[in-house]
Amino acid sequence: MSDRASAKSGHKSRHRKHSESNKVLRTITFVLTPFLVFIVVCGVFVLGLFKPYSMAKPYLETVFNPDTVKNKDDYQVSIYHPDNMPLRVKEIEDESTNEKHTIIYPYYGDYYGTLTISSVGIKDTPIYCGTSNDLLAKGIGWSNSSVYIGRVGNVVLAGHRNTYFAMLFQCKQGDIVTVDTDYCTITYIVRETAIFNKNDLKYVNPTFGKEDKLTMYTCWGRNRLGATDQRFAVICDVVERKWKDVKIPE
Amino acid sequence: MKKLYHFTPMVLFSILLVILVILFESAFYITKVMFNSDIYADAMNEKEVAQAMYDEINTNFGYYIGPTGIPQEVFSSAYTKDELYTSSFKLLTDSLSYMTDKNQPKPVITYDFSKLEKSITDYIEKDADERGIEKDKEYKAMIAATVKMAKEQISSRLDVMMLHKLSTTKIGQTMHNHSELFSLAVWGLLAAVIIVVIIMVYIDRHHPRDLMYWAGTVLMASSGVILVPAVFLKATDYFESFFIKSEYIYRTVTGLFEIVLNDIIFFEIIMLTLGVLLIISAQIVHTLYIRSLKKKHNKKKLFEHKADPDSDEDYHTPLLTEPTSLRPAPEPQTAPSSDSSEDAAERLTSSAANASTDEISSIIDEVLKKANKK
């Protein structure tokens, strides 16, 4: 009898143990199954979208750039780039003299230098990097598709005929034009004036390393109101190029 | 906790169902909401896009005093905020219709520029009269160029969501040519969802209370997969970093994304809550069911055993050991009398190891009936 009783109690304790472990397993299964399904589906989507995402990533980073959010509320000198962009300093060789000099390349929207044509009353007029409407409202625009000021080629400056280039029409052959930047001062002499259609790119072609000149242009239609497709250009040759010692701020 | 029957197939079908539900939700949202102009109207109104567009056009015409000599008022007096809004919204609706309906014509800008033309012409004419400028070929060309430039300035700003631009691209053309595929995709995904649901119901047909749990799991997982990235995008203001800083486009695009995100988050939170409630309900219903069984058994005083209400097993285990009247015969019975409660108990004990709660409870009911009769 006692053997039977002990066998029965042993069976009961085994059963209880088994039942307890079953309960724990059931609880874990019951609670974790939704999360398991969630994780597996996430994995499926991550794997499925990995390739399309890596293909779209450059576009997404261009269209949605969180850095711009960071900089959006900061004070910025130029609306086109954050203030903390590094200076673009480069050692170059002057193609005309083979001397080495330092140039600070501007970013779009930066103040670039000044223009002086004393003979027509243009004096220390600010030059900005770029020719967008807001820049041309502040001064003269350096066309960023032309060569940098100081480099050999066609430097192109644009301005409005009713504001900063109102006096450009008075320029004549032999007038002296001075362009001053942080790294050089260049003196030009007016060679000729021309009227051209805005679609004629002959006058604004950069001519890298070939024709060393300055082209300033504005809309034609002096004393008249309205827009025009005609442009008035003043073309100048280089007389002198003076390089400055560039002090790079820490 | 409740035991989950047919666990492996149900988990696998749940995963499949979650994927299908997500795809269906996405396809449904795109076709019914994103392809409907209402959401764009909401974005434009909420973010005052018409005002931003009007201000930007004004600012831009302000710059034209430099190249044209014409003050901004000459241009701005010829259009209103409402006219710009109406025209831009019509262009947006037409572009959307074109891309989503094979029979719609190509969208075109419909804006009445006559007031603008008149305003510019009058101003230049008046100036020419005052200053005695000859109205020659150049004069006429300058008026035409100014009107053209002004028209371009306005036209280029009417495409607030750039959908008109998109409709002219290859993607837009493809969407137009295969527009019927969108609704087909929605119906196809819906059919797939229904088929998987039917399969799951069939697999678990003997455990209807389990279905509540699996429905909750599917809703919870599908909403979670969408909700997590949506909340991340919302929390990080991801869409605020849209690169176009043109105020009216920026407002429309970010406004649209904001509405879409809010919609998604709202809907998915409801789905998630529903899912969690279903899972909890499954357990509550199970517990109540077990308690009701226990009460029934206690009433009949058939069993003295203290059953654990959390365990299904506790209801068939005592039957194997406790009541002597229901204890199985040592040898298998060859021809049991069909009217005896012992017979029912034997059937119960022989199948108890593999039977479900529902089966056990039905057998218990049968046993009780037979005992009462006796």
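Those sequence lines, one after another, are chains V and E. Following numbering that gives the first Met the number 0, the numbering of the first sequence begins with 0 at its first residue and continues without gaps. Following numbering that gives the first Met the number 0, the numbering of the second sequence begins with 0 at its first residue and continues without gaps. Just so it is clear, CB atoms sit at the ideal spot from N, CA and C, and this is done for glycine as well.
DSSP places K89/E inside the alpha helix (DSSP H), whose first and last residues are K80 to T99.
With fewer than 16 neighbouring CB atoms inside 10 Å of its own CB, V227/E falls in the exposed class. DSSP, read as helix, strand or coil, puts C41/V in helix. For the stretch 114-128 of chain E, the set of positions with a beta-carbon nearer than 9 Å to some beta-carbon of chain V reads I119, Y122, I123, D126 and A127 in chain order. Per DSSP, reduced to three states, the secondary structure at I188/V is strand. Listed along the chain, the chain V residues whose CB falls inside 8 Å of the CB of A144/E are G225, A226, T227 and D228. By the 16-neighbour rule on beta-carbons within 10 angstroms, P248/V is exposed. One alpha carbon belongs to Y78/E, the other to S118/E, and they sit about 10 Å apart. Only G274, I278 and Q282 from the stretch 262-286 of chain E bring a Cβ to less than 8 Å from some Cβ of chain V. For P66/E, a Cβ of chain V is located within less than 8 Å of the residue's own Cβ. K89/V is bridged by DSSP to I102/V. Close to G187/E, with beta-carbon spacing below 7 Å, lies no residue of chain V; the smallest spacing is near 18 Å.
CA-CA distance, F12/E to N176/E, rounds to 35 Å. Distance between G158/V and I123/E, taken at the CA atoms: about 22 Å.
DSSP places G112/V in the strand class (E or B) of the three-state scheme. Taking C-beta separations shorter than 8 Å and ignoring five residues to either side along the sequence, the partners of R160/V in its chain run L167, F168, T217, C218, W219, G220, R221 and F231, following chain order. Proximity of chain E to A136/V at the Cβ level (cut-off 7 Å) is accounted for by Y62 and G65, in chain order. Annotated three-state conformation of V17/E is helix, per DSSP. When beta bridges are read from the DSSP output, I121/V appears opposite I116/V.
Residues K150 of the same chain have their beta carbon placed closer than 7 Å to that of F112/E, with the five preceding and five following residues left out of the count. The C-alpha of M199/E is placed about 16 Å away from the C-alpha of P33/V. Partner residues in the beta bridge of L213/V, as assigned by DSSP, are V154/V and C235/V. The beta carbon of S144/V sits closer than 8 Å to those of V155, V203 and P205, all from its chain and outside the five residues before and after it, given in chain order.
Exclusion of the five residues before and after S118/V leaves D174 as the residues of its chain whose Cβ lies within less than 6 Å of its Cβ. Cα atoms of V233/V and N57/E: separation of roughly 32 Å, rounded to the nearest angstrom.
Ranked by Cα distance from G140/V, the options V146/V, N64/V, Y127/V and G152/V are led by Y127/V. Those residues of the stretch 233-250 of chain E placed with their C-beta closer than 9 Å to a C-beta in chain V are T235, D236, Y237, F238, E239, S240, F241, F242, I243 and K244, ordered along the chain.
Contact annotation for C183/V against chain E: no contact, minimum CB-CB distance about 28 Å [criterion: below 8 Å]. Looking at the backbone, the Cα of V259/E and that of Y39/E are separated by about 10 Å. Proximity of N83/V to chain E, defined by a Cβ-Cβ separation below 8 Å, is not satisfied. Counting along the chain, the unbroken alpha helix (DSSP H) around V196/E starts and ends at E179 to I202.
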